[in-house]
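Chemist:
Numbering (the numbering used here), first residue to last: 253 to 478.
1) Are three or more beta carbon pairs between the region 434-448 and the region 362-371 nearer than 8 Å?
2) Candidates 262, 294, 265, 477: which alpha carbon is nearest residue 408's?
3) In chain order, what residues of the same chain lie with their CB nearer than 8 Å to the CB of residue 293, ignoring the 5 residues before and after it?
4) Quick check on residue 350: buried or exposed, where buried means 16 or more other Cβ atoms within 10 Å of its Cβ?
5) Measuring CB atoms only, is the region 452-472 touching the region 394-410, in the sense that at least three cross pairs come out at less than 8 Å?
6) Mark residue 264 as exposed unless 16 or more other C-beta atoms lie within 10 angstroms of its C-beta, in which case mark it buried.
7) Cβ of residue 407 versus every heavy atom of the ligand PLP: is any distance shorter than 7 Å?
8) Strictly by DSSP, which residues pair up with residue 454?
9) Any chance the region 376-391 sits against the region 347-367, with 3 or more Cβ pairs inside 8 Å?
10) List the residues that DSSP assigns as beta-bridge partners of residue 474.
11) Check each candidate in 285, 422, 277 and name the one with the smallest Cα separation from residue 447.
12) Within the same chain, show all residues whose beta-carbon is closer than 6 Å to that of residue 388, passing over the 5 residues directly before and after it, in chain order.
13) Would you list the residues sitting across from residue 441 in a DSSP beta bridge?
14) Using DSSP with H/G/I as helix, E/B as strand and the rest coil, what is residue 412?
15) State the start and end residues of the unbroken alpha helix (DSSP H) segment that holds residue 433.
16) Evaluate residue 475 with the Cβ neighbour count: other Cβ atoms within 10 Å of its Cβ, from every protein chain shown; 16 or more gives buried, anything less gives exposed.
17) Residue 427 by DSSP, collapsed to three states: which one?
18) What alpha helix (DSSP H) runs, 4 residues minimum, are completely inside the region 349-382?
19) Within 10 angstroms of the Cβ of residue 467, are there 16 or more other Cβ atoms? Answer buried if so, exposed if not.
20) Just the C-alpha distance for residue 260 and residue 301, rounded to the nearest angstrom, thanks.
21) Is the distance from the Cβ of residue 404 to the Cβ of residue 470 below 8 Å?
22) Less than 8 Å between the beta carbons of residue 450 and residue 437, yes or no?
23) Apart from the five residues on each side of it in sequence, which residues of its chain come closer than 7 Å, Cβ to Cβ, to residue 417?
24) Please report the distance separating the alpha-carbon of residue 286 from that of residue 431.
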């Protein structure tokens with residue numbers, strides 16, 4: 253094994269041990285502290301890797317030409333704080349839910365995104381594990397996944413090297429259940445600030461559609477090569 257491989261293996265081993273130690277202290281009350289520690293550990297790991305093998309990261313982000321653009325960026329507080337939907341469980345999903353309940357739903361939503369669950373699959377999990385009604389589970393599944401996806405795509409879009417090569421594009425599900433106002437948005441491209449001209453005015457994405465026209469919305473944002 254090459255010397256550089258041995259060093260990287262040691263760094264990975266150190267990373268795993270550090271993360272295990274942090275997650276062993278995880279509780280609903282310490283979630284913010286745990287997230288912060290994980291952020292610092294990951295940032296430190298990346299810095300160490302770049303010192304050992306600077307060429308391991310493609311500075312031109314050519315990896316983005318593959319499927320990376322459709323993957324979750326990193327659902328930490330950076331992403332969560334950028335979610336704009338006022339009904340998001342990541343901000344305040346109403347006074348009827350306790351913090352413990354919201355935290356549980358948040359973990360289920362994030363896990364669903366990482367495992368690429370459909371909204372129906374996530375709905376079933378929310379019903380079984382969080383005790384939600386069928387209607388509320390589907391509403392949360394669709395709304396939260398849509399908000400997360402939109403937020404991540406906006407974060408990518410704000411990277412200059414991405415904005416130069418990709419358009420932030422509205423993608424509607426076109427079938428017999430699609431409302432006309434949603435269908436006409438299909439293929440529309442955001443302006444340089446990431447906003448779309450729409451029947452509802454100038455909005456940031458599907459999560460910004462007014463509540464009366466947002467129910468059962470399946471629209472999403474994608475980054476398409478120019």
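Every residue, glycine too, gets a C-beta built ideally from N, C-alpha and C.
Modeler: Well, looking at it:
1) no
2) Your numbering for residue 408 matches position 156 in the chain shown. Considering only alpha carbons, the answer is 477.
3) The count along the chain shown starts at 1 and reaches residue 293 at position 41. Result list for residue 293: 267, 270, 271, 274, in chain order.
4) Here residue 350 refers to the residue found at position 98 when the chain shown is read from its first residue. Exposed: under 16 other Cβ atoms inside 10 Å.
5) yes
6) Looking up residue 264 in the chain shown gives position 12. So residue 264 counts as exposed.
7) Looking at this structure, you won't find the ligand PLP or any other ligand, since it has none at all.
8) Reading the chain shown from its first residue, position 202 is the one you call residue 454. Bridge partners of residue 454: 449.
9) They touch, by the three-pair rule.
10) Stepping through the chain shown from its first residue, residue 474 is reached at position 222. The secondary-structure analysis by DSSP pairs residue 474 across a beta bridge with 421.
11) Taking the chain shown and counting its residues from 1, the one referred to as residue 447 is at position 195. For residue 447, the nearest C-alpha among the options comes from 422.
12) Numbered from its first residue, the chain shown carries residue 388 at position 136. Nothing meets the Cβ criterion.
13) Along the chain shown, read from residue 1 onward, the residue named residue 441 stands at position 189. Answer is 421.
14) Position 160 of the chain shown holds residue 412. It is helical.
15) The residue labelled residue 433 in the question sits at position 181 within the chain shown. Residues 432-435.
16) As a first step, residue 475 must be located in the chain shown, where it is residue number 223. Flag for residue 475 reads buried.
17) In the chain shown, residue 427 corresponds to position 175, counting from 1. DSSP, read as helix, strand or coil, puts residue 427 in coil.
18) Taken in chain order, the whole alpha helix (DSSP H) runs of length 4 or more contained in the region 349-382 are 351-366, 371-382.
19) In the chain shown, counting from the first residue as 1, residue 467 sits at position 215. The residue is exposed, with fewer than 16 neighbouring Cβ atoms inside 10 Å.
20) As a first step, residue 260 must be located in the chain shown, where it is residue number 8. As a first step, residue 301 must be located in the chain shown, where it is residue number 49. So the two alpha carbons sit approximately 7 Å from each other.
21) Taking the chain shown and counting its residues from 1, the one referred to as residue 404 is at position 152. Taking the chain shown and counting its residues from 1, the one referred to as residue 470 is at position 218. It is not a contact, given that the beta carbons lie outside the stated cut-off.
22) As a first step, residue 450 must be located in the chain shown, where it is residue number 198. As a first step, residue 437 must be located in the chain shown, where it is residue number 185. The answer is yes: Cβ separation under 8 Å.
23) For this step, residue 417 is matched to residue 165 along the chain shown. By the criterion of a C-beta distance shorter than 7 Å, residue 417 is surrounded in its chain by 477, 478, once the five residues flanking it on both sides are discounted.
24) Counting from one through the chain shown, the residue named residue 286 turns up at place 34. Counting from one through the chain shown, the residue named residue 431 turns up at place 179. Distance between the alpha carbons of residue 286 and residue 431: 42 Å.
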